[in-house]
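Peer 1: Numbering (the UniProt record's numbering), first residue to last: 1 to 376. From the three backbone atoms N, C-alpha and C, an ideal C-beta is built for every residue, glycine too. Next up is a structure, given as structure tokens.
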């Protein structure tokens, strides 16, 4: 049980939670909750309020910490806070972010009152979990109740169409926006969703035309979305044009060059790979190693590539070796791309991919949970 939810927080502790929430240091936010000393009303301290629970749920959502979130939910219900609309909305969002749509539906259907934030949380949750048609149904149901959408609602709807490959439906909703039906004109986020929709559908030229015809100036995120699609489709020419737009915006980042490197490698343009790697060295562009996290029994475990810091590292690497062996028997071959541009040899790249942070996290999850457990 998480101790934080049977006690009251001091002003200093709540301040730390707020700081960690708004600086995206969600692991530390959870640790603060877990380390607050036990207190009760007899000691002259009241119970934690809805704001405290709200911060905890937001941290859980961003970490994908489902077990932790369930404990917060239990505290909310046990202490009569379940009727608060903002907490119910955040619970829907938290369960959705953690991939538990059954629980999200359960909370949503139990709500006596629903506002546009409630519907937006559900639509966005369905979107991120690949339930595009269900998201459209929820949107239409919201309209039947006479609740007008907000900008974020439409972002969730268009994202749902994108993630589920619903090109016609996505373009239809986008045109309805532009016609003024919802009294909301498309913003950069909405355009970004449509660019993503077209990119996933291999309609890269149409996506590029949409960007260049926008009434507002496209930002780096939109160009980056198209660049990612160019990488997947191996469209080198368009990828180079997109990079030039990012340079023009003075917004290019290390990840953009890595995407272009991968685009070159996808189509076998190794000379271009070498040239771009040299340019990156000249510009002193470096990438940072990624980090993967897994939550087990309320504790978040973090891993980086080739990590050796975990207390169960020997068991983890033994499990990963077994997984890799089974994959090899099944015919899986590690795809070596220029994404690992800072490693010189194919052997080094293969090693880094074999011991990727996500694979270490998955190996630990398999090792530390009973068979059949969902790993998040």
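#1: The beta strand (DSSP E) spanning residue 193 covers which residue range?
#2: Using only CA atoms, which one of 82, 79, 80 and 58 lies nearest to residue 94?
#3: Taking 7 Å as the limit between beta carbons, can you name the residues of its chain near residue 323, skipping five residues before and five after?
#4: Please go through the same chain and pick out, in chain order, the residues whose beta-carbon is closer than 7 Å to the beta-carbon of residue 214, but skip the five residues on each side of it.
#5: Is there contact here, the region 305 to 325 with the region 71 to 79, by at least three beta-carbon pairs under 8 Å?
#6: When you compare only the Cα positions, how much space is there between residue 297 and residue 316?
#7: Between the C-alpha atoms of residue 200 and residue 79, what's the straight-line distance to the nearest angstrom?
#8: Could you tell me which residues DSSP puts in a beta bridge with residue 301?
#9: Between residue 268 and residue 224, what straight-line distance do the alpha-carbon atoms span, to the nearest angstrom?
#10: Mind checking which residues open and close the alpha helix (DSSP H) that includes residue 67?
#11: Let me check understanding here. Comparing Cα to Cα, which of 163, 189 and 273 lies closest to residue 150?
#12: Just the C-alpha distance for residue 142 and residue 109, rounded to the nearest angstrom, thanks.
#13: Can you check whether the C-beta of residue 133 is within less than 9 Å of a C-beta belonging to chain B?
#14: Checking 9 Å against the spacing of the C-beta atoms, do residue 173 and residue 198 come in under that value?
#15: Less than 9 Å separating the beta-carbons of residue 154 and residue 182?
#16: According to DSSP, is residue 309 part of a helix, a strand, or is it coil?
#17: Answer yes or no: do residue 229 and residue 254 have a C-beta to C-beta separation smaller than 9 Å?
#18: How many Å lie between residue 179 and residue 186 at the Cα?
#19: Return helix, strand or coil for residue 147, following the three-state DSSP convention.
#20: Quick check: what's the CA-CA separation for residue 278 versus residue 82?
Peer 2: Well, looking at it:
#1: Counted from its first residue, the chain shown places residue 193 at position 193. Not the beta strand (DSSP E): residue 193 falls in the alpha helix (DSSP H), residues 188 to 200.
#2: Taking the chain shown and counting its residues from 1, the one referred to as residue 94 is at position 94. Checked all of 82, 79, 80 and 58; the closest Cα to residue 94 is 58.
#3: Here residue 323 refers to the residue found at position 323 of the chain shown. Excluding residues within five positions, the ones whose Cβ falls inside 7 Å are 363.
#4: Taking the first residue of the chain shown as position 1, residue 214 is located at position 214. Cβ neighbours of residue 214 beyond the five flanking positions: 191.
#5: no
#6: By one-based count along the chain shown, residue 297 stands at place 297. By one-based count along the chain shown, residue 316 stands at place 316. Computed Cα separation, rounded: 17 Å.
#7: Locating residue 200 in the chain shown gives position 200, where the first residue counts as 1. Locating residue 79 in the chain shown gives position 79, where the first residue counts as 1. If you draw a straight line from the Cα of residue 200 to the Cα of residue 79, it comes to about 46 Å.
#8: Within the chain shown, numbered from 1, the residue matching residue 301 stands at position 301. Bridge partners of residue 301: 294.
#9: Here residue 268 corresponds to residue number 268 of the chain shown, with the count starting at 1. Here residue 224 corresponds to residue number 224 of the chain shown, with the count starting at 1. Those two C-alpha atoms are separated by around 22 Å.
#10: Indexing the chain shown from 1 puts residue 67 at position 67. Per DSSP, the continuous alpha helix (DSSP H) segment holding residue 67 begins and ends at 66 to 78.
#11: Reading the chain shown from its first residue, position 150 is the one you call residue 150. With distances taken between Cα atoms, residue 150 lies closest to 189.
#12: The residue you call residue 142 lines up with position 142 of the chain shown. The residue you call residue 109 lines up with position 109 of the chain shown. Computed Cα separation, rounded: 13 Å.
#13: No chain B is present in this structure, which holds just one protein chain.
#14: On the chain shown, position 173 is the one that residue 173 refers to. On the chain shown, position 198 is the one that residue 198 refers to. By the CB criterion at 9 Å, residue 173 and residue 198 fall outside the cutoff.
#15: Sequence index remark: in the chain shown, residue 154 carries index 154 (1-based). Sequence index remark: in the chain shown, residue 182 carries index 182 (1-based). Yes; because the gap between Cβ atoms is below 9 Å, this pair is in contact.
#16: In the chain shown, residue 309 corresponds to position 309, counting from 1. Correct three-state label for residue 309: coil.
#17: Sequence index remark: in the chain shown, residue 229 carries index 229 (1-based). Sequence index remark: in the chain shown, residue 254 carries index 254 (1-based). No, the Cβ-Cβ distance between residue 229 and residue 254 is not below 9 Å.
#18: For the purposes of this step, residue 179 is taken as residue 179 along the chain shown, with counting starting at 1. For the purposes of this step, residue 186 is taken as residue 186 along the chain shown, with counting starting at 1. Rounded to whole angstroms, residue 179 to residue 186 spans 10 Å at the Cα level.
#19: Residue 147 sits at position 147 when you count from the first residue of the chain shown. In this structure, residue 147 counts as coil in the three-state DSSP scheme.
#20: Against the chain shown, residue 278 aligns to sequence position 278. Against the chain shown, residue 82 aligns to sequence position 82. Approximately 57 Å, taken between the alpha carbons.
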